Amino acid sequence: MPTSTVFTLIKQLLTKKATNPFPVKYTPGNMHAAASLIESGKLSINPPVDIPPNFRGKLSYDVESCIGCKLCLKVCPSEALAFKPDEKKVKHYVSRCTFCGQCVNICPKDCFVLTDEFLMAGLDNYSDELVLNP
Amino acid sequence: MNAQDWLIRILFILVIPFVGIFFGLLYKGFDRKITAMMQSRIGPPLRQPFRDIRKLFMKENIVPDHAVEWIFHASPIFALLAPLVALVYLPIGPFEPLMEGFGDLILILYLLAIPAVAMAIGGLASGSPYATVGAQRELVLMMSYEFPLAIAAVTIAWKFESFSLAAISSTSVWSLVGPLGALGLLLITLGLFAVLPGELSKAPFDQAEAETELAGGLFVEYSGRNLGVFYLSEAVKMVVVGALLIALLFPQNISQWYSFGGPHVAGFALFNLAADVLFFLLKLLIIIFLGVSVVRVALARFQIDKASYFYWVPMTLLGLLGTVLVVLEGAI
Amino acid sequence: MSDKDTTYQVPIGPIHPALKEPFMINFRLDGETIVDADPHPGMNHRGIEFMGMHRNPLKVIPLAERICGICSIVHQHMFTTAVEHAAGIEPTNRARYIRTIMAELERIHSHVLWAGVAAHEIGFDTHLHFTWKIREKVMDLLEFITGNRVNYAMWTVGGVRRDITKDMYPKIEDTLTYYESLYTKLEDIFLGDPSIRLRTKDIGILTKEEALRLCGVGPTVRASGVKKDVRIDQPYAAYGDLELDYIIPSKFGYENTGDVFSKTLVRLKEVVQSIDLIRQCVDQMPDEDIDSEPKKAVLLNKLKKADGEGIGRLEAPRGEAFHYVRLKEGREELDNWKVRASTYNNLATYAPMFMGEQIADIPIIAACIDPCIGCMDRAVVVDVSTGQKTDYDHEDLHKLSVEKTKRMLGGSL
Numbered sequence: 000m001p002t003s004t005v006f007t008l009i010k011q012l013l014t015k016k017a018t019n020p021f022p023v024k025y026t027p028g029n030m031h032a033a034a035s036l037i038e039s040g041k042l043s044i045n046p047p048v049d050i051p052p053n054f055r056g057k058l059s060y061d062v063e064s065c066i067g068c069k070l071c072l073k074v075c076p077s078e079a080l081a082f083k084p085d086e087k088k089v090k091h092y093v094s095r096c097t098f099c100g101q102c103v104n105i106c107p108k109d110c111f112v113l114t115d116e117f118l119m120a121g122l123d124n125y126s127d128e129l130v131l132n133p
Numbered sequence: 000m001n002a003q004d005w006l007i008r009i010l011f012i013l014v015i016p017f018v019g020i021f022f023g024l025l026y027k028g029f030d031r032k033i034t035a036m037m038q039s040r041i042g043p044p045l046r047q048p049f050r051d052i053r054k055l056f057m058k059e060n061i062v063p064d065h066a067v068e069w070i071f072h073a074s075p076i077f078a079l080l081a082p083l084v085a086l087v088y089l090p091i092g093p094f095e096p097l098m099e100g101f102g103d104l105i106l107i108l109y110l111l112a113i114p115a116v117a118m119a120i121g122g123l124a125s126g127s128p129y130a131t132v133g134a135q136r137e138l139v140l141m142m143s144y145e146f147p148l149a150i151a152a153v154t155i156a157w158k159f160e161s162f163s164l165a166a167i168s169s170t171s172v173w174s175l176v177g178p179l180g181a182l183g184l185l186l187i188t189l190g191l192f193a194v195l196p197g198e199l200s201k202a203p204f205d206q207a208e209a210e211t212e213l214a215g216g217l218f219v220e221y222s223g224r225n226l227g228v229f230y231l232s233e234a235v236k237m238v239v240v241g242a243l244l245i246a247l248l249f250p251q252n253i254s255q256w257y258s259f260g261g262p263h264v265a266g267f268a269l270f271n272l273a274a275d276v277l278f279f280l281l282k283l284l285i286i287i288f289l290g291v292s293v294v295r296v297a298l299a300r301f302q303i304d305k306a307s308y309f310y311w312v313p314m315t316l317l318g319l320l321g322t323v324l325v326v327l328e329g330a331i
Numbered sequence: 000m001s002d003k004d005t006t007y008q009v010p011i012g013p014i015h016p017a018l019k020e021p022f023m024i025n026f027r028l029d030g031e032t033i034v035d036a037d038p039h040p041g042m043n044h045r046g047i048e049f050m051g052m053h054r055n056p057l058k059v060i061p062l063a064e065r066i067c068g069i070c071s072i073v074h075q076h077m078f079t080t081a082v083e084h085a086a087g088i089e090p091t092n093r094a095r096y097i098r099t100i101m102a103e104l105e106r107i108h109s110h111v112l113w114a115g116v117a118a119h120e121i122g123f124d125t126h127l128h129f130t131w132k133i134r135e136k137v138m139d140l141l142e143f144i145t146g147n148r149v150n151y152a153m154w155t156v157g158g159v160r161r162d163i164t165k166d167m168y169p170k171i172e173d174t175l176t177y178y179e180s181l182y183t184k185l186e187d188i189f190l191g192d193p194s195i196r197l198r199t200k201d202i203g204i205l206t207k208e209e210a211l212r213l214c215g216v217g218p219t220v221r222a223s224g225v226k227k228d229v230r231i232d233q234p235y236a237a238y239g240d241l242e243l244d245y246i247i248p249s250k251f252g253y254e255n256t257g258d259v260f261s262k263t264l265v266r267l268k269e270v271v272q273s274i275d276l277i278r279q280c281v282d283q284m285p286d287e288d289i290d291s292e293p294k295k296a297v298l299l300n301k302l303k304k305a306d307g308e309g310i311g312r313l314e315a316p317r318g319e320a321f322h323y324v325r326l327k328e329g330r331e332e333l334d335n336w337k338v339r340a341s342t343y344n345n346l347a348t349y350a351p352m353f354m355g356e357q358i359a360d361i362p363i364i365a366a367c368i369d370p371c372i373g374c375m376d377r378a379v380v381v382d383v384s385t386g387q388k389t390d391y392d393h394e395d396l397h398k399l400s401v402e403k404t405k406r407m408l409g410g411s412l
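Chains as they are written, first to last, in numbering that gives the first Met the number 0: chain A, 0 to 133; chain B, 0 to 331; chain C, 0 to 412.
Okay, here's the thing in structure tokens:
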């Protein structure tokens with residue numbers, strides 16, 4: 000029997016586990032009720048894993064400073080950007096975005112910024128949160 | 000024996016399968032939790048096996064086209080019935096076995112072989128090449144671990160000059176031997192612990208299921224209720240093998256070691272009974288922890304020929320050496 | 000009895016726990032012994048090369064890294080090298096060093112991951128959990144540098160998009176020390192544990208002759224003693240400035256047997272080598288821009304005007320891999336793009352390794368070349384009306400080629 004392995008295993012039995020736990024142990028039956036419990040401090044949740052400093056999350060788009068040069072359309076690999084000819088601005092579909100950030104690099108006016116927002120799940124790909132400048 | 004005794008006995012016989020299934024699933028939960036913790040994971044909650052069973056029994060029971068249908072359905076039932084019957088012949092904690100006779104031990108050894116055979120037959124009947132390979136492996140493995148198991152059982156029975164488990168578990172076998180015999184018994188204990196994972200088809204002797212090789216082996220075509228019954232059978236078997244080990248080697252009850260109050264204190268008998276039952280459950284937990292959980296996480300799966308060799312040569316020799324030592328001491 | 004055929008067939012795949020990706024091997028077995036193995040790829044073709052030929056090179060970089068989840072750096076590195084070669088653009092020196100650091104970090108991550116998969120394949124899940132736990136550290140570092148765990152989006156034509164600044168050095172050094180401190184333990188597990196030795200020693204042997212004949216690449220053949228490593232044979236990025244040597248078992252006092260054990264050994268030793276290489280890179284990193292053409296609009300124009308073909312060839316964690324790119328003047332999209340990943344070469348080495356082994360050894364042998372079917376898979380020809388699949392071998396293709404030549408020459412040949 001490999002003794003050193005057994006020794007490590009017994010040690011791991013007692014030390015802190017490597018698993019990153021979910022915010023709450025079991026899915027609550029009612030999400031809204033659970034959310035209000037958390038707000039009132041009656042329910043504590045497991046702290047989330049830290050977001051690294053240069054995280055590539057949801058894009059933010061500054062409509063005002065955009066000049067409509069269409070350069071970002073040329074580098075977007077997943078065609079998540081669409082041009083709006085009447086407005087001379089772009090429209091961004093978050094659900095198609097791969098977060099490569101090439102539009103951030105090429106934009107001459109720095110309209111795009113990668114934020115650290117990562118909660119983007121939703122049932123509707125075209126909801127207000129998932130389309131920038133609709 | 001009067002009619003009332005028989006009535007109570009029948010009542011117990013009707014209840015004990017449920018108790019066996021309950022504790023089997025509970026210990027499975029313990030095993031999974033401890034295994035996970037040793038691998039630095041949080042692991043499933045203790046009640047996870049109960050949920051698994053509930054879910055499996057809700058699922059559709061699929062029978063493959065090539066299967067021999069009645070054998071396919073019958074084998075899980077045989078696999079579950081055999082350990083449940085064995086439970087009736089085993090002393091559980093402070094309770095005497097519900098049924099007894101002259102050859103309990105031999106009967107139990109045969110009953111323990113039935114689930115493996117039933118699984119193999121069910122696998123062969125399901126008509127899948129993976130299950131066929133798994134069935135062959137299960138039979139080879141069974142033939143391998145039966146030998147050291149039989150040697151150990153026979154040696155202990157020889158010491159008591161009886162195959163009755165009630166007689167064997169009435170006194171600890173360790174109190175009957177001197178230092179030389181104790182060494183022999185230690186070797187036999189080691190052999191029995193080595194048989195444990197093979198008997199329960201756990202790693203490193205899970206070749207018959209071998210997830211990465213055979214995708215579940217024997218059970219590859221089983222689903223729904225049938226798989227659930229196999230799952231229960233495995234759980235009950237864990238309790239039966241653990242209880243057998245306790246009856247053969249560690250039958251002591253905790254109540255004989257302390258003198259709290261005395262028989263004149265009210266509720267003393269009840270307290271003793273509860274303490275003994277808890278002590279039995281603790282012994283079972285320790286055996287499952289040492290014999291199943293730790294071994295399962297500390298070793299890789301063997302190839303089938305190496306597993307067979309392991310039982311036939313080193314473990315059999317170990318058992319025989321232990322037997323010789325025990326017999327030798329009796330002769331001196 | 001003796002003249003009766005007692006063999007039977009067991010298909011492993013397309014979906015099977017022994018394989019992490021859709022792939023199929025038909026085995027002919029005699030009892031538990033393998034007498035014939037017949038690999039059938041073609042279950043995971045995604046047409047990425049075709050997609051690439053409809054996009055400009057900058058759009059293809061994120062696509063290229065999605066060829067494979069584990070060697071995503073490898074593919075973007077090769078692709079950008081090929082485009083740079085075709086368009087005559089030189090990356091800056093600092094970019095070369097950053098590329099090397101990233102490539103070596105990925106090698107650590109890939110090899111540690113492979114060790115976990117190997118442990119799982121032989122039924123040793125404890126070490127799967129252990130190795131994947133320690134792999135998190137390098138994943139965290141990669142996330143820290145690039146902003147994402149798996150798809151790094153770090154490369155661009157002419158350089159890299161994110162710098163490794165001085166304030167990142169402590170974290171890199173921290174990760175390297177972490178792996179150094181755990182390395183003895185890894186070696187103890189994978190080379191010392193008796194039950195793992197039992198399952199890996201003398202299993203899946205690839206002799207040096209077979210390795211050379213079948214043109215295997217990477218750790219798969221280095222374990223057989225073949226000195227083959229693109230980083231040394233044809234240095235790219237910053238490898239020319241660094242000190243490194245071929246990792247073969249005989250260098251560490253083991254025999255060059257080419258079994259699973261020596262493949263594990265080579266991979267583990269490469270982790271140490273990678274740690275050393277990253278240290279060298281960090282020490283020698285020149286102070287310079289990270290990108291030779293920061294204005295991407297200008298770069299796009301340049302690429303549009305470029306005309307020529309280029310190759311990117313490098314040593315992926317799994318062995319030599321290769322990209323071919325052709326650009327045509329006035330055409331924004333790639334004119335041609337060809338990817339050849341290391342698994343394509345190593346697949347041929349399956350045949351001698353499987354022969355005569357047991358069913359129990361199938362998963363570990365299948366895993367020992369570290370197969371990446373997603374990188375490798377070729378097109379498969381399917382007759383849509385019947386669903387009949389056809390495999391073309393060398394002879395068939397030769398015949399088709401000759402027929403086409405005849406047709407084009409109007410049957411005058």
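Where a beta carbon is used, it is the ideal one built from N, C-alpha and C, also for glycine. Since the structure is predicted, the reported quantities are computational estimates derived from the model, not experimental observations.
Residues near residue i by beta carbon distance below 8 Å, same chain, minus five either side
| i | result |
| --- | --- |
| residue 12 of chain C | 18, 21, 22, 23, 24, 39 and 42 |
| residue 143 of chain C | 167 and 170 |
| residue 134 of chain C | 108, 111, 112 and 115 |
Residue i - partner residues in DSSP beta bridges
| i | result |
| --- | --- |
| residue 23 of chain C | C:39 |
| residue 88 of chain A | A:83 |
| residue 323 of chain C | C:310 and C:337 |
Minimum Cβ-Cβ distance from residue i to chain A less than 8 Å
| i | result |
| --- | --- |
| residue 58 of chain C | yes |
Span of the beta strand (DSSP E) around residue i
| i | result |
| --- | --- |
| residue 267 of chain B | Unbroken run through residue 267 of chain B is the alpha helix (DSSP H), 267-287; no beta strand (DSSP E). |
| residue 137 of chain C | Run containing residue 137 of chain C: none in the beta strand (DSSP E); it sits in the alpha helix (DSSP H), 124-145. |
| residue 310 of chain C | 307-315 |
| residue 52 of chain B | No beta strand (DSSP E) contains residue 52 of chain B, which is instead part of the alpha helix (DSSP H) from 47-57. |
Neighbour flag for residue i against chain B, beta carbons, 8 Å
| i | result |
| --- | --- |
| residue 118 of chain A | no |
| residue 74 of chain A | no |
| residue 0 of chain C | The pLDDT assigned to residue 0 of chain C is 44, lower than 50, so where the model puts this residue is not dependable; a value taken from the coordinates is nonetheless given after this. With 8 Å as the cut-off, residue 0 of chain C does not count as an interface residue toward chain B. |
| residue 200 of chain C | no |
Residues that residue i contacts on chain C, provided the C-beta gap is smaller than 8 Å
| i | result |
| --- | --- |
| residue 305 of chain B | 197 |
| residue 114 of chain A | Going along chain C, no residue has its Cβ under 8 Å from residue 114 of chain A, so there is no contact; the nearest lies around 11 Å. |
Chain-ordered chain A contacts of residue i [CB-CB under 8 Å]
| i | result |
| --- | --- |
| residue 381 of chain B | Not covered by the structure: residue 381 of chain B. The range shown for chain B is 0 to 331. |
| residue 36 of chain B | 11, 12 and 16 |
Interface residues of chain A facing residue i [CB-CB closer than 9 Å]
| i | result |
| --- | --- |
| residue 251 of chain C | Going along chain A, no residue has its Cβ under 9 Å from residue 251 of chain C, so there is no contact; the nearest lies around 21 Å. |
| residue 291 of chain B | The contacting residues do not exist; residue 291 of chain B stays about 13 Å from chain A at best. |
Chain-ordered neighbours of residue i on chain C, where CB pairs are closer than 7 Å
| i | result |
| --- | --- |
| residue 100 of chain A | 152 |
8 Å Cβ cutoff, residue i in contact with chain C
| i | result |
| --- | --- |
| residue 288 of chain B | no |
| residue 105 of chain A | yes |
| residue 300 of chain B | yes |
| residue 205 of chain B | yes |
| residue 132 of chain B | yes |
| residue 128 of chain B | yes |
| residue 51 of chain A | yes |
| residue 95 of chain A | no |
Contact set for residue i: own chain, Cβ-Cβ below 7 Å, skip 5 residues either direction
| i | result |
| --- | --- |
| residue 119 of chain C | 127 |
| residue 155 of chain B | 167, 172 and 247 |
Contact set between residue i and chain C, taken where Cβ atoms lie within less than 9 Å
| i | result |
| --- | --- |
| residue 202 of chain B | 122, 123 and 124 |
| residue 70 of chain A | 295, 296 and 299 |
Segment limits, alpha helix (DSSP H) that includes residue i
| i | result |
| --- | --- |
| residue 422 of chain C | The first residue shown for chain C is 0 and the last is 412, placing residue 422 of chain C beyond what the model contains. |
| residue 202 of chain C | Per DSSP, residue 202 of chain C belongs to no alpha helix (DSSP H) and is neither H nor E. |
Sequence-distant residues of its chain with Cβ nearer than 6 Å to residue i (five each side left out)
| i | result |
| --- | --- |
| residue 91 of chain C | 158, 287, 288 and 291 |
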